Amino acid sequence: MAWFYLILAGLSEIVWAFGLKESHGFTMLGWSLLTVFFLIISFGLFSVSMKSIPIGTAYAVFTGIGAAGTAIIGMLFLSEGVSFWKIISLLVLLTGIIGLKLVDGSEPEKDGR
């Protein structure tokens, strides 16, 4: 379930990042409320996921999903530039996220306490 929560947290990050842009500096009430709501949801889900996913992996995946998703949304809906290298970079980022998921749990636990 932790990975499910982490993915939802990353997707929620995309929503609040888009809402932040559309709120125009929190001057648009509807977008501002949506942004704050998804900020709370995003960080809540992220914190729950870190109960069983290592912080380094969780944070990289959380921010990676948010960054890649927000860049894609920007290209699709906000007329942001699209280039070959931007697409390649996004694919590398997404490959890294998938790689982190695949290796999670394959390393022996270290009890440093």
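If you're matching positions, the sequence shown starts at 419 in the numbering used here and goes up one per residue. Glycine is no exception: its CB is placed at the ideal position from the N, C-alpha and C atoms. Bear in mind that the values here come from a model prediction, so they are computed numbers and not experimental data.
Nearest-angstrom beta carbon gap, residue j and residue i [assumed within contact, 8 Å]
| i | j | result |
| --- | --- | --- |
| Leu463 | Ala435 | With 8 Å as the limit, Leu463 and Ala435 do not qualify as a contact, their Cβ atoms being about 15 Å apart. |
Spatially closest choice to residue i from the options, by CA coordinates
| i | options | result |
| --- | --- | --- |
| Ile490 | Tyr477, Ala476 and Leu511 | Leu511 |
| Thr488 | Ile425, Met419, Thr453 and Leu429 | Leu429 |
| Gly437 | Thr513, Ser460, Met419 and Ala420 | Ser460 |
| Lys504 | Leu496, Ala486, Phe495 and Ile516 | Ala486 |
Whether residue i touches residue j by CB criterion (7 Å)
| i | j | result |
| --- | --- | --- |
| Val433 | Phe456 | yes |
| Leu518 | Thr481 | no |
| Ser467 | Ala420 | yes |
| Gly484 | Glu431 | yes |
Reduced DSSP secondary structure (H/G/I, E/B, other) of residue i
| i | result |
| --- | --- |
| Leu457 | helix |
| Val510 | helix |
| Ser467 | helix |
| Thr488 | helix |
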